[in-house]
Amino acid sequence: EAGVAQSPRYKIIEKRQSVAFWCNPISGHATLYWYQQILGQGPKLLIQFQNNGVVDDSQLPKDRFSAERLKGVDSTLKIQPAKLEDSAVYLCASSLGGTLGNIQYFGAGTRLSVL
Amino acid sequence: GQQVMQIPQYQHVQEGEDFTTYCNSSTTLSNIQWYKQRPGGHPVFLIQLVKSGEVKKQKRLTFQFGEAKKNSSLHITATQTTDVGTYFCAGSSGGYQKVTFGTGTKLQVIP
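Protein chains in written order, with my numbering: chain Z, 2 to 116; chain G, 9 to 119.
Put into structure tokens, the structure is as follows:
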């Protein structure tokens, strides 16, 4: 069974530029998560999708971050414009969904450096 | 909002010593999960606890869920160098089972 795929693995941009990350979850997983993990900290949930609907985006900086999950499968996370403090690893995870189906499987992540 | 704290933040042990990390939630949880993240890697699921007072074991690892379902612990017996990494608890609550990760405990094992 294929795992969660993310691309790119690394991205270096200058501040005020735009960037997009892509995630393909495990087949059949209804729930998809995007996390931001700053060095030395735990993953911080940015947005959680259930199929193609948003169930939690309370910690997503909506003035610059956006995410979508078309057709309830793949997802993209965009930052526009980027700030220095956005430098982090962006992790995508997926789970089956439901009360006992929220075990998360993570992708390798995208390491973003904003200069 | 829900907060999940872990202590200690860092732990250095000699190989063969035991290690324990504690996880505390500000709210009652539906379940709690534990993940391990190796340096440079991504979090990998270890175990999920659902019932109040539940205890589960995986070889040298013992996981406990508190009676009030607000705290949990992970104990490693006789640590090995392969145990190096950061251990995160992640608590779930609410209708959509929102997951909040703890602050993590970074374990270093000295050979």
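We put the CB at the ideal spot given by N, CA and C, even for glycine.
- Closer than 8 Å to the CB of residue 109/Z there is at least one CB belonging to chain G.
- At a cut-off of 8 Å, the C-beta of residue 75/Z has no neighbouring C-beta in chain G.
- Here residue 64/Z carries a coil assignment [DSSP, helix/strand/coil].
- Here residue 79/Z carries a strand assignment [DSSP, helix/strand/coil].
- Contact of residue 43/Z with chain G by beta-carbon distance below 7 Å involves 96, 109, 110, 111, 112.
- The Cβ of residue 104/Z sits closer than 8 Å to at least one Cβ of chain G.
- Taking CB atoms only, residue 51/G has a neighbour in chain Z less than 8 Å away.
- The Cβ neighbour count for residue 18/G, taken over all protein chains shown within 10 Å, is under 16; the residue is labelled exposed.
- Only buried fits residue 26/Z, as 16 or more other CB atoms lie within 10 angstroms of its CB.
- Residues 112 of the same chain have their beta carbon placed closer than 6 Å to that of residue 11/Z, with the five preceding and five following residues left out of the count.
- Residue 19/Z holds the alpha-carbon nearest to the alpha-carbon of residue 85/Z among 44/Z, 19/Z, 71/Z.
- The Cβ of residue 58/Z sits no closer than 8 Å to any Cβ of chain G.
- When Cβ-Cβ separations below 8 Å define contact, residue 113/Z makes no contact with chain G.
- Looking from the CA of residue 56/Z, the closest CA among 23/Z, 65/Z, 31/Z, 106/Z belongs to 31/Z.
- Under the 8 Å criterion on CB atoms, residue 100/G is classed as interfacial with respect to chain Z.
- Closer than 8 Å to the CB of residue 104/G there is at least one CB belonging to chain Z.
- Measuring C-alpha to C-alpha distances from residue 45/Z to each of 9/Z, 108/Z, 92/Z identifies 92/Z as the nearest.
- Within the segment 84–97 of chain Z, contact with chain G at the beta-carbon level (separation under 7 Å) is assigned to 92.
- Closest in alpha carbon position to residue 62/Z, among 70/Z, 22/Z, 75/Z, 47/Z, is 47/Z.
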